[in-house]
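Notes for the one structure printed next.
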Amino acid sequence: MMSDLNGKVAFVTGAASGIGLGMTRAFVNAGMRVMMADIEQQALAAAARGLRDAGAAVETVVCDVSDRAAVFAAAAATLEAFGKVHVVCNNAGVTSGGLVEECTEGDWHWVIGVNFLGVLHGCQAFLPHIRRQQEGGHIVNTSSMAGLLGGMPAWGPYNSTKFAVVGLTEVLRQEGRAGGFGASVLCPGGVNTSIFEAPRNRPERFGPQDSIVADSVSSEDLKKGLDPDIVGRLVLEAIQANRLYIFTDPRFRSMVERRHEKVLADFEWAAQSAALVDSGAPGSSRPS
Ligand SMILES: NC(=O)c1ccc[n+]([C@@H]2O[C@H](COP(=O)([O-])OP(=O)(O)OC[C@H]3O[C@@H](n4cnc5c(N)ncnc54)[C@H](O)[C@@H]3O)[C@@H](O)[C@H]2O)c1
1 MMSDLNGKVA FVTGAASGIG LGMTRAFVNA GMRVMMADIE QQALAAAARG
51 LRDAGAAVET VVCDVSDRAA VFAAAAATLE AFGKVHVVCN NAGVTSGGLV
101 EECTEGDWHW VIGVNFLGVL HGCQAFLPHI RRQQEGGHIV NTSSMAGLLG
151 GMPAWGPYNS TKFAVVGLTE VLRQEGRAGG FGASVLCPGG VNTSIFEAPR
201 NRPERFGPQD SIVADSVSSE DLKKGLDPDI VGRLVLEAIQ ANRLYIFTDP
251 RFRSMVERRH EKVLADFEWA AQSAALVDSG APGSSRPS
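Going by the working numbering, the letters in the sequence shown line up with residues 1 to 288, in that order.
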């Protein structure tokens, strides 16, 4: 467990803005050194300048997390700058709107590339170092409440990738038991950030953005969301407590309960279905 973080090294993606910047602030306040990574060079430099002026030990690396080689280069830069790495926050994320069949191949590949492969690249680039150091470590992967609650119309790529991040992190949590590292999945509710301006950072290779982010949640809703600095503090606390799920909005609990009730109801239905009952399948039983 990483209870004492003073002097430890963190790597944070999406660190130029929003939740990534909030985490960076919380880490430096706890005495950590931070490698800030982001695709947006100017915003990254400005954010780092502000922190350095206040005495923080931060470095920057421009990095598109959907580019595997760039993430491995960022890991090398982190080791070169600080000699070690302990906490890795795979946080950069984007969203693109449109019905499942309307989203272009580029839309899907962009969101999968950043939200899921970006997280995977970070794990693969940094975990060998964490294992080798034998000083403990912690991975924080940013998902969303959309990683536990499905069914958001026009949010197919986002919803799907956020579920994948939860799945990946649950695997890492088990692998970390023997590997000497912890893993958490951050599942925020509304946080006041620039996520709705995500297309600003869409690399050209994914083609133009046609569809707009729509429905379920509006940018007005997000403005009423939590301050990202609070999320940063919460993440720090959760790393120290080695929690698996990091929730920012306890009001979502009842929605998760309703989802699980639906899962259980369909188990009951399946157990009494003619196909399973007639064939004597294990676990099935005729309705009484
Ligand atoms: N804001 C919310 O309400 C909310 C809710 C749930 C989950 N999240 C998740 O939080 C994470 C952070 O988003 P945010 O809300 O702080 O938004 P944000 O737009 O303020 O910050 C995202 C950062 O990621 C960077 N980024 C985008 N594409 C990148 C790429 N390919 N490589 C590297 N960096 C890239 C952006 O430049 C930006 O600095 C995302 O994974 C998002 O899905 C946010």
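Ideal placement from N, C-alpha and C gives every residue a C-beta, glycine not left out.
So the candidates are the options; which of them puts its Cα closest to the Cα of residue i?
i: N6; options: A16, N29 and G22; result: N29
i: G83; options: A70, F11, N90 and V191; result: F11
i: H138; options: I239, T78, L226 and T169; result: I239
i: G190; options: R131, P203, R251 and I130; result: R251
i: E204; options: Q124, G167, H109 and T60; result: H109
i: C187; options: F163, V71 and S144; result: S144
i: N201; options: A77, Y245, V119 and D38; result: D38
i: G232; options: A241, T248, R131 and L222; result: T248
i: E220; options: T193, V61, M2 and L234; result: T193
i: G296; options: M2, V87 and M1; result: Past the edges of the chain, shown from 1 to 288, lies residue 296, and the structure says nothing about it.
i: D366; options: V85, G118 and T104; result: In the structure displayed, the chain extends from 1 to 288; residue 366 sits before or after that span and is not available.
i: R258; options: L149, G136 and S285; result: L149
i: M85; options: A48, T95, R132 and C63; result: The displayed chain sequence assigns Val, not Met, to residue 85. Looking at the Cα atoms, R132 is the closest of the given residues.
i: V114; options: Y158, E102 and S254; result: Y158
i: C123; options: L79, G147, L172 and T95; result: L172
Determine the direct distance from the alpha carbon of residue j to that of residue i, and round the result to whole angstroms.
i: L236; j: L44; result: 21 Å
i: T142; j: G280; result: 43 Å
i: G151; j: R52; result: 42 Å
i: A275; j: K262; result: 21 Å
i: L127; j: V65; result: 16 Å
i: V256; j: K224; result: 22 Å
i: G156; j: E197; result: 18 Å
i: Q209; j: S17; result: 21 Å
i: G42; j: T13; result: Note that residue 42 corresponds to Gln in the displayed sequence, not to Gly. When rounded, the distance between both Cα atoms is 15 Å.
i: G22; j: D4; result: 19 Å
i: T24; j: N91; result: 11 Å
i: C89; j: G97; result: 25 Å
i: T46; j: G93; result: The sequence shown places Ala at residue 46, rather than the Thr named in the question. So the two alpha carbons sit approximately 20 Å from each other.
i: G55; j: E268; result: 59 Å
i: A154; j: L226; result: 24 Å
i: V100; j: F163; result: 16 Å
i: T104; j: P199; result: 14 Å
i: N242; j: G136; result: 12 Å
i: D278; j: S285; result: 9 Å
i: S218; j: Q134; result: 44 Å
i: V9; j: F27; result: 9 Å
i: T78; j: E40; result: 18 Å
i: Q174; j: G50; result: 38 Å
i: D266; j: P228; result: 38 Å
Using DSSP with H/G/I as helix, E/B as strand and the rest coil, what is residue i?
i: C63; result: coil
i: L79; result: helix
i: S96; result: coil
i: I246; result: strand
i: A16; result: coil
i: L226; result: strand
Taking residue i and residue j to be in contact with their CB atoms under 8 Å, please state how far apart those CB atoms are, rounded to whole angstroms.
i: G106; j: G180; result: In fact, because the Cβ distance is near 39 Å, the residues do not count as touching under 8 Å.
i: V165; j: V185; result: 6 Å
i: P32; j: A81; result: The sequence given here has Met at residue 32, not Pro. Contact doesn't hold; Cβ gap of about 13 Å is too wide.
i: Q272; j: P282; result: Wrong, their Cβ atoms sit about 14 Å apart, outside the cutoff.
i: V71; j: H121; result: 4 Å
i: T161; j: I195; result: In fact, because the Cβ distance is near 13 Å, the residues do not count as touching under 8 Å.
i: A75; j: A125; result: 4 Å
i: A183; j: T169; result: 5 Å
i: V58; j: A48; result: 5 Å
i: L234; j: I246; result: 6 Å
On the DSSP letters alone, give me the boundaries of the alpha helix (DSSP H) that residue i sits inside.
i: G38; result: The question names Gly, but residue 38 is Asp in the sequence shown. Run containing D38: none in the alpha helix (DSSP H); it sits in the beta strand (DSSP E), R33 to D38.
i: P128; result: G118 to Q133
i: A30; result: Run containing A30: none; DSSP gives neither H nor E here.
i: K8; result: First-last for K8: undefined, no H or E at that position.
i: T161; result: G156 to G179
i: A47; result: Q41 to D53
i: A146; result: Here A146 belongs to no alpha helix (DSSP H), and DSSP marks it neither H nor E.
i: M1; result: Segment: none, M1 is in no alpha helix (DSSP H) and carries neither H nor E.
Can you name the start and end residues of the beta strand (DSSP E) that residue i belongs to?
i: W186; result: Before going on, a small fix: residue 186 reads as Leu here, not Trp. Where L186 is concerned, the enclosing beta strand (DSSP E) stretches over G182 to C187.
i: T142; result: H138 to T142
i: C89; result: V87 to N90
With a cut-off of 7 Å, does the C-beta of residue i fall near any C-beta of chain D?
i: G180; result: Although the question refers to chain D, the structure presented lacks it and comprises just one protein chain.
Tell me whether residue i, by its Cβ, gets closer than 6 Å to a heavy atom of ligand 3.
i: I230; result: Ligand 3 is not part of this structure, which contains only ligand 1.
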